[in-house]
Amino acid sequence: MKSKMVFEDGERTYVLVFETGDEVVSGVVKFAAENRPGGSHFTAIGALSDVTLGYFNLEKKGYKKIPMKEQVEVLSLVGNIAINRGRPKPHAHIVVGKSDGTAHGGHLMEAHVRPTLEVVITELPEHLWRTTDPRTGLALIDLEM
17 MKSKMVFEDG
27 ERTYVLVFET
37 GDEVVSGVVK
47 FAAENRPGGS
57 HFTAIGALSD
67 VTLGYFNLEK
77 KGYKKIPMKE
87 QVEVLSLVGN
97 IAINRGRPKP
107 HAHIVVGKSD
117 GTAHGGHLME
127 AHVRPTLEVV
137 ITELPEHLWR
147 TTDPRTGLAL
157 IDLEM
């Protein structure tokens with residue numbers, strides 16, 4: 017993955033370009049750890065060789081993993097990065113399109129790029145913070161911090 021800051025004026029905007037074989041979630045985590053955009057949002061387009069979607073089961077307080085082991089187009093990928101326990105934590109949802117035109121979506125758990133994924137990250141003026149919600153077990157954005 018390559019990255020470049022393309023704008024800085026109180027906020028920073030970065031472009032990340034993932035290449036074939038790069039893993040998306042770990043790449044965003046690594047970028048966030050190195051650049052500390054702790055209050056930011058991002059979008060992306062491109063294509064993947066495989067993706068694991070997640071569907072949150074509230075009763076079980078966990079994600080059902082939905083693996084897709086085929087080439088897909090990224091129709092929409094949106095997310096944010098907030099600080100959780102002192103470290104940047106991305107949260108993203110994705111919709112992918114299959115070759116037959118059907119779409120599937122959910123929480124982005126894991127994905128490998130083929131041939132490219134272009135991500136634009138825009139930092140907010142303030143950091144966002146996550147705290148664990150005891151009812152769901154999820155690390156949710158806490159506006160009181």
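The opening position of the sequence shown corresponds to residue 17 in my numbering, with each subsequent residue numbered one higher. Note that CB positions come from ideal geometry on N, CA and C, so glycine has one too.
Exposure label - residue i; buried when at least 16 CB within 10 Å
i           : result
residue 47  : buried
residue 56  : buried
residue 73  : exposed
residue 153 : exposed
residue 53  : buried
residue 122 : buried
residue 91  : exposed
residue 159 : exposed
residue 71  : exposed
Among the options, the one whose alpha carbon lies nearest that of residue i
i           : options         : result
residue 111 : 127, 33, 73, 22 : 127
residue 133 : 93, 145, 144    : 93
residue 147 : 79, 19, 103, 40 : 103
residue 86  : 100, 66, 78     : 66
residue 61  : 89, 84, 77      : 89
residue 51  : 68, 70, 99      : 99
residue 19  : 34, 25, 26      : 34
Reduced DSSP category for residue i - H, G, I as helix; E, B as strand; rest coil
i           : result
residue 27  : coil
residue 37  : coil
residue 113 : strand
residue 121 : strand
residue 160 : coil
residue 142 : coil
Residue interval of the beta strand (DSSP E) (run including residue i)
i           : result
residue 102 : Where residue 102 is concerned, there is no enclosing beta strand (DSSP E), given that its DSSP letter is neither H nor E.
**Study point:** Every unbroken beta strand (DSSP E) inside the stretch 54-98 [3 residues or more]
**Key:** 56-73, 78-84
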